[in-house]
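For what it's worth, full-length UniProt numbering labels the leading residue of the sequence shown as 1, then goes sequentially. Backbone N, C-alpha and C define an ideal beta-carbon position, used for all residues, glycine too. The block underneath contains the structure these notes are about, expressed in structure tokens.
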Amino acid sequence: MLLLLGILILPASASQIWEGVGRVISGVGEGGSVDLRLEIDGEVVRSLWGPPLYGKVQTNPNLNGTIQTKSGTWLLEQCGEELCINLQQYNPKQTVFYRLQLKQLWRKY
1 MLLLLGILIL PASASQIWEG VGRVISGVGE GGSVDLRLEI DGEVVRSLWG PPLYGKVQTN
61 PNLNGTIQTK SGTWLLEQCG EELCINLQQY NPKQTVFYRL QLKQLWRKY
């Protein structure tokens, strides 16, 4: 930390906001659509709206990985400039495929 001219300067970390629409491809509500917005901060991923998600993913520069939660298994894969997510949800039993776009990159202090 550095105190300079009365301003406290702390290390910053960057978060990414991804959002888009998913399609229920099998199970309850097949053919329906579901909105999803995620915040990704390093390895931590959490939903801001849509199905509940909070967990750590082993990421590499391409954001590929899996998160296991009580509600289901989330498979994340970078698809060009989009983030593709396949959710195998337990209750209700369904599979949802999302294509998310990066909306903003902001820094937390």
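For residue j and residue i, the rounded distance between their alpha carbons
i     : j     : result
GLY6  : GLY22 : Note that GLY6 scores a pLDDT of 36, beneath 50, so its modelled location is shaky and nothing firm can be said.
LYS70 : VAL45 : 15 Å
GLN94 : LEU38 : 20 Å
GLY32 : GLN78 : 23 Å
LEU36 : TRP49 : 6 Å
CYS84 : GLY20 : 10 Å
GLY55 : GLY80 : 23 Å
ARG99 : GLU82 : 6 Å
ASN64 : ALA14 : 18 Å
Residue of the options minimising C-alpha distance to residue i
i           : options                       : result
GLN16       : SER47, GLU30, SER33 and GLN94 : SER47
GLN88       : VAL96, GLU77 and GLU82        : VAL96
VAL57       : TRP49, GLU81 and THR73        : THR73
residue 147 : GLY27, GLN104 and VAL34       : In the structure as shown, the chain begins at 1 and stops at 109. Residue 147 is therefore absent and cannot be evaluated.
ASN91       : SER26, LYS103 and LEU63       : SER26
Same chain, Cβ closer than 6 Å to residue i, five either side skipped, listed in chain order
i     : result
GLY42 : none
LEU75 : THR66 and ASN86
TRP18 : LEU38, LEU83, LEU100 and LEU102
Cβ shell of residue i (< 8 Å), same chain only, five flanking positions each side left out
i     : result
VAL24 : GLU30, GLY31, GLY32, SER33, VAL34, GLN94, THR95 and VAL96
Test: residue i CB closer than 8 Å to a CB of chain E
i     : result
SER26 : Absence of chain E from the displayed structure is noted, only one protein chain being present.
Cβ neighbours of residue i in the same chain (closer than 7 Å, five flanking residues each side left out)
i      : result
LEU4   : Reliability fails at LEU4, whose pLDDT of 38 lies under 50, so the model's placement of it is uncertain and the value that follows must be treated cautiously. Same-chain partners within the cutoff: there are none.
GLN104 : ILE17
Contained beta strand (DSSP E) runs [length at least 3] in the segment 30-86, N- to C-terminal order: 33-41, 44-49, 54-56, 65-68 and 72-79
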